[in-house]
Amino acid sequence: MILGVPFRDEPMDDADVWRHMKHRWLWWIGAVGCVLLLSCLLIPAVVYDRGGGGACSGCHEIAPSVASWKTSSHRNIACTACHEGSLSMNPAAHLNNFSNLVAHWAGSATSPPHLKFSRIDPMVERCGQCHQKEHADWAAGPHGATYRTFFLDPAQNRKEQLSEDCLRCHGMFFEESISHLVAPLDRQGPWVIHGGVCEDSAAIPCLACHQIHSEGVPAGLHPANEEIVEASRELCLPSLAFFDRRDRLSISTVYLPIPRMLDGDRLVKMSPDKRQGLCYQCHSPEWTRQAGSGDDRTGMGVHEGLSCLACHHPHNQSARASCAECHPRLSNCGLDVEKWIPPSGIPRAATTFIL
884 MILGVPFRDE PMDDADVWRH MKHRWLWWIG AVGCVLLLSC LLIPAVVYDR GGGGACSGCH
944 EIAPSVASWK TSSHRNIACT ACHEGSLSMN PAAHLNNFSN LVAHWAGSAT SPPHLKFSRI
1004 DPMVERCGQC HQKEHADWAA GPHGATYRTF FLDPAQNRKE QLSEDCLRCH GMFFEESISH
1064 LVAPLDRQGP WVIHGGVCED SAAIPCLACH QIHSEGVPAG LHPANEEIVE ASRELCLPSL
1124 AFFDRRDRLS ISTVYLPIPR MLDGDRLVKM SPDKRQGLCY QCHSPEWTRQ AGSGDDRTGM
1184 GVHEGLSCLA CHHPHNQSAR ASCAECHPRL SNCGLDVEKW IPPSGIPRAA TTFIL
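Here this note's numbering is used: the first residue of the sequence shown is 884, the next is one more, and so on.
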C-alpha cells in the first residue's frame, strides 16, 4: 500500500478509485495534522526552554523569582539547570508544570510560587551536580539523615511524643501535618511513614539552610594562592538562611538573632559569627537559656566564645579534626592535645566542649 492506495492487478471501477482517493486524502490530512500539532507543542516549548529568565518571567507569579535570580550568585546559571524545563524527559516534571499552569489559569497560584514537596529531592540532586563536594559532605553527615532516621526511631519515639514541632527542623518542606506523615501518634508504635513520602528522602535538604535566589556574586575560579582566598572570603555567605515552614519563607542570617546564653546566672560569652543564628534555630536551649539545656550545643570552658563553625565542618558537621586545626598535633609540652586529660586540680568542665 502506498499512501493509502493498495497494489491491485485487476482494474478498479469509479467507486473503488473514489474510495481509495478518499483514503489517501484522509492519510495526508492526518499526517499534516500530526505535524502541525507537534509543531504547536514543540516550537513554543523550544522557545520557552531557550528563553531563560525572560520566558519564565512571562507569568506574573514567577516574575519576582526571576528578578531575585538576576541578582543572585546563580545569575549565570540557566533556569532549566535547576528547574526542569519544557523539553525534560521526566513525566513528573511535566505534570508539575501542568498543575502550575492550571493554577495560573484558575487564579489560585501564589506569587512567588513555592517549590512543591515532590520537587525537593530532584532539586537536591541538581545541587549536587555542581556542588559535588558539599553534597557528598552533607549526605555523609547528620543533616543528610532521612525521614526514616528521624521519625521511625523506636527509642526516640518512646522517649518523646511525635508532634507538629518536629517538622520545624526535621521535615520543614513537608506540606501537611505530622498526622499525615507518621502513624500512630503515640509512644507504643510500631510507627510507619505514609502520605506518599519516601522514607529515604532527605528530611533536611540543602534548601533548609540555603536560599538559592538570594542576592550574591557568582564565584570565580580560585587563584593559585588558596590561603589568600580563604582569608579574604566572606565569612557569612548571603545564601545562608533558615526555611520557616509556617510562612514557607527563607529568613536570612542577617535577621536571625544569636541568643544571650546563661551559665547559671552568668552571661556566657558568645561569638559574633552571624552563621550561628542559623544553627540556633534548631539547636536551641530551653526557655531558661541555660547552656547545654534542650538541644543547645553552646561551647563552654576554654572553648567559650568560639563559633559553632570554628569546630564543626559546615556540611558534614564533623568536629573530629577541629582540635588539630587549632592546636599542633603535639603541644609544646609534648602532649597530644587530642588525648590530653587535664590535671586533677583543673575541673574538666573548664576544658571540655560540648560536641
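Beta carbons are placed, not taken as given, at the ideal position from N, Cα and C, and that holds for glycine. From a predicted model like this one, the values you see are computed outputs, not experimental measurements.
| said: Please return the same chain residues whose Cβ sits closer than 7 Å to the Cβ of Trp-1170, not counting the five positions on each side in sequence. | reply: For this step, residue 1170 is matched to residue 287 along the sequence shown. Excluding positions up to five away in sequence, the list is empty.
| query | Distance, Cα to Cα, Leu-1145 vs Ala-1193? | reply | As a position in the sequence shown, residue 1145 is number 262, starting the count at 1. As a position in the sequence shown, residue 1193 is number 310, starting the count at 1. Answer to the nearest angstrom: the Cα atoms are 20 Å apart.
| task | Might you give, ordered along the chain, the residues of its own chain that have their beta carbon closer than 8 Å to the beta carbon of Thr-1029, omitting 5 neighbours on each side? | result | Translated into the one-based positions of the sequence shown, residue 1029 becomes position 146. The residues are Glu-1082, Asp-1083, Ser-1084, Ala-1085, Ala-1086.
| Asp-1127, enclosing beta strand (DSSP E) - first and last residue | For this step, residue 1127 is matched to residue 244 along the sequence shown. In the DSSP annotation of this structure, the continuous segment of the beta strand (DSSP E) that includes Asp-1127 starts and ends at 1124-1127.
| field | Residue interval of the alpha helix (DSSP H) (run including Leu-1139) | value | Locating residue 1139 in the sequence shown gives position 256, where the first residue counts as 1. For Leu-1139, no alpha helix (DSSP H) run applies, since DSSP gives it neither H nor E.
| field | Residue of Ala-1174, Asp-1127, Ser-956, Trp-952 minimising C-alpha distance to His-1053 | value | Working through the sequence shown from its first residue, we reach residue 1053 at position 170. Minimum Cα-Cα distance from His-1053 among the listed residues Ala-1174, Asp-1127, Ser-956, Trp-952 corresponds to Asp-1127.
| task | With a 10 Å radius around its C-beta and 16 neighbouring C-beta atoms as the bar for buried, classify Tyr-1163 as buried or exposed. | result | Position 280 of the sequence shown, counted from the start, is the residue given in the question as residue 1163. With 16 or more other Cβ atoms inside 10 Å of its own Cβ, Tyr-1163 counts as buried.
| query | Straight-line CA distance for Ile-960 to His-966? | reply | For the purposes of this step, residue 960 is identified with residue 77 of the sequence shown, where counting begins at 1. For the purposes of this step, residue 966 is identified with residue 83 of the sequence shown, where counting begins at 1. If you take the alpha carbons of Ile-960 and His-966, they lie about 11 Å apart.
| task | Using three-state DSSP, classify Asp-1048 as helix, strand or coil. | result | On the sequence shown, residue 1048 is found 165 positions in, with the first residue counted as 1. Note: Asp-1048 maps to helix in three-state DSSP.
| request: Report the rounded CA-to-CA distance for Lys-999 versus Cys-1209, giving the unit in angstroms. | output: Residue 999 sits at position 116 when you count from the first residue of the sequence shown. Residue 1209 sits at position 326 when you count from the first residue of the sequence shown. Roughly 42 Å between the two C-alpha positions.
| task | Tell me, please, whether the stretch 1028-1048 touches the stretch 1068-1075 by the rule of three or more beta-carbon pairs shorter than 8 Å. | result | A contact between stretches requires three or more CB pairs, one per stretch, nearer than 8 Å, and the stretch 1028-1048 meets this requirement with the stretch 1068-1075.
| query | Does DSSP put Arg-902 in a helix, a strand or coil? | reply | Taking the first residue of the sequence shown as position 1, residue 902 is located at position 19. It is helical.
| message | Could you pull the DSSP bridge partners for Ala-1066 from this structure? | response | By one-based count along the sequence shown, residue 1066 stands at place 183. Val-1075.
| query | In three-state DSSP terms, what is Gln-1015? | reply | Residue numbering aside, residue 1015 sits at position 132 when the sequence shown is read from its first letter. In the three-state DSSP reduction, Gln-1015 falls in the helix class (H, G or I).
| Thinking just about the alpha-carbon of each residue, which of Gln-1173, Ser-1176, Val-1151, Arg-1172 is nearest to the one in Ser-1190? | The residue given as residue 1190 occupies position 307 in the sequence shown. The candidate whose alpha carbon is nearest that of Ser-1190 is Val-1151.
| field | Reduced DSSP category for Ile-1134 - H, G, I as helix; E, B as strand; rest coil | value | Mapped onto the sequence shown, residue 1134 falls at position 251. Annotated three-state conformation of Ile-1134 is strand, per DSSP.
| Sequence-distant residues of its chain with Cβ nearer than 7 Å to Arg-1002 (five each side left out) | Locating residue 1002 in the sequence shown gives position 119, counting from the first residue. A distance below 7 Å between beta-carbons, with the five flanking residues on each side excluded, links Arg-1002 to the following residues of its chain, in chain order: Asn-979.
| said: Using a Cβ-Cβ cutoff of less than 7 Å, which residues in the same chain neighbour Glu-1098 once the five nearest sequence positions on both sides are dropped? | reply: The sequence position of residue 1098 within the sequence shown is 215, counting from 1. So the qualifying residues of the chain are Thr-954, Ser-955, Pro-1121.
| query | Just checking my contact of Gly-1024 with Gln-1200 at CB under 8 Å: how many whole Å lie between their CB atoms? | reply | Position 141 of the sequence shown, counted from the start, is the residue given in the question as residue 1024. Position 317 of the sequence shown, counted from the start, is the residue given in the question as residue 1200. Yes, Gly-1024 and Gln-1200 are in contact; Cβ-Cβ is about 5 Å, under 8 Å.
| Would the beta-carbon of Ala-914 be found less than 7 Å away from any heavy atom of the ligand MN? | In terms of ligand content, the structure shown is empty, and the ligand MN therefore cannot be addressed.
| said: For Ala-1085, list the residues DSSP reports as bridge partners. | reply: As a working note, residue 1085 is residue 202 in the sequence shown. Note: Ala-1085 sits in a beta bridge opposite Thr-1029.
| request: Please name the residue, chosen from Val-949, Asp-1020, Arg-1203, Asn-973, that lies closest to Pro-996 on a Cα-to-Cα basis. | output: The residue given as residue 996 occupies position 113 in the sequence shown. Taking only the C-alpha atoms, the option nearest Pro-996 is Val-949.
| request: Using beta-carbon positions only, say whether Asp-1179 and His-1166 come within less than 8 Å of one another. | output: The sequence position of residue 1179 within the sequence shown is 296, counting from 1. The sequence position of residue 1166 within the sequence shown is 283, counting from 1. Going by C-beta atoms, Asp-1179 is nearer than 8 Å to His-1166.
| request: Can you give me the Cβ contacts of Glu-1047 inside the same chain, cut-off strictly under 7 Å, excluding the 5 residues immediately before and after it? | output: Your numbering for residue 1047 matches position 164 in the sequence shown. Cβ within range, chain order: Ser-1060, Ile-1061.
| So what does DSSP say about Leu-1145, is it helix, strand or coil? | Position 262 of the sequence shown, counted from the start, is the residue given in the question as residue 1145. Of the three classes helix, strand and coil, the one that applies to Leu-1145 here is strand, per DSSP.
| said: Looking at the secondary structure, which residues open and close the alpha helix (DSSP H) in which Thr-993 lies? | reply: If you number the sequence shown from 1, residue 993 lands on position 110. First-last for Thr-993: undefined, no H or E at that position.
| Straight-line gap, Trp-988 to Ser-982 (C-alpha atoms, nearest Å) | The count along the sequence shown starts at 1 and reaches residue 988 at position 105. The count along the sequence shown starts at 1 and reaches residue 982 at position 99. Trp-988 and Ser-982: Cα-Cα distance of roughly 10 Å.
| query | Buried or exposed: Met-904, going by 16 or more other Cβ atoms within 10 Å of its Cβ? | reply | One-based indexing of the sequence shown puts residue 904 at position 21. Exposed, since its Cβ has fewer than 16 Cβ neighbours within 10 Å.
| said: Please report the distance separating the alpha-carbon of Leu-1045 from that of Asp-1069. | reply: Residue numbering aside, residue 1045 sits at position 162 when the sequence shown is read from its first letter. Residue numbering aside, residue 1069 sits at position 186 when the sequence shown is read from its first letter. So the two alpha carbons sit approximately 7 Å from each other.
| Contact under 8 Å by Cβ, Asp-1020 with His-1196 | As a working note, residue 1020 is residue 137 in the sequence shown. As a working note, residue 1196 is residue 313 in the sequence shown. Yes, Cβ-Cβ distance for Asp-1020 and His-1196 is below 8 Å.
| query | Who are Glu-967's beta bridge partners in DSSP? | reply | Walking along the sequence shown from the start, residue 967 turns up at place 84. Glu-967 pairs with nothing; no bridge assigned.
| request: Measure the Cβ-Cβ separation of Ser-951 and His-1096 and say whether it is below 8 Å. | output: Start at 1 with the first residue of the sequence shown, and residue 951 comes out as number 68. Start at 1 with the first residue of the sequence shown, and residue 1096 comes out as number 213. A Cβ-Cβ contact shorter than 8 Å links Ser-951 with His-1096.
| Inter-residue spacing [alpha-carbon to alpha-carbon] between Arg-1172 and Glu-1187 | The residue labelled residue 1172 in the question sits at position 289 within the sequence shown. The residue labelled residue 1187 in the question sits at position 304 within the sequence shown. Cα to Cα, the separation comes out at about 15 Å.
| query | Three-state secondary structure (DSSP) at Gln-1200? | reply | For the purposes of this step, residue 1200 is identified with residue 317 of the sequence shown, where counting begins at 1. Gln-1200: coil per DSSP, three-state reduction.
| For Ser-951, which of helix, strand or coil comes out of DSSP? | Counting from 1 along the sequence shown, the entry for residue 951 is found at position 68. If DSSP states are grouped into helix, strand and coil, Ser-951 belongs with the helices.
| His-1210 by DSSP, collapsed to three states: which one? | Here residue 1210 refers to the residue found at position 327 of the sequence shown. DSSP places His-1210 in coil when its eight states are reduced to three.
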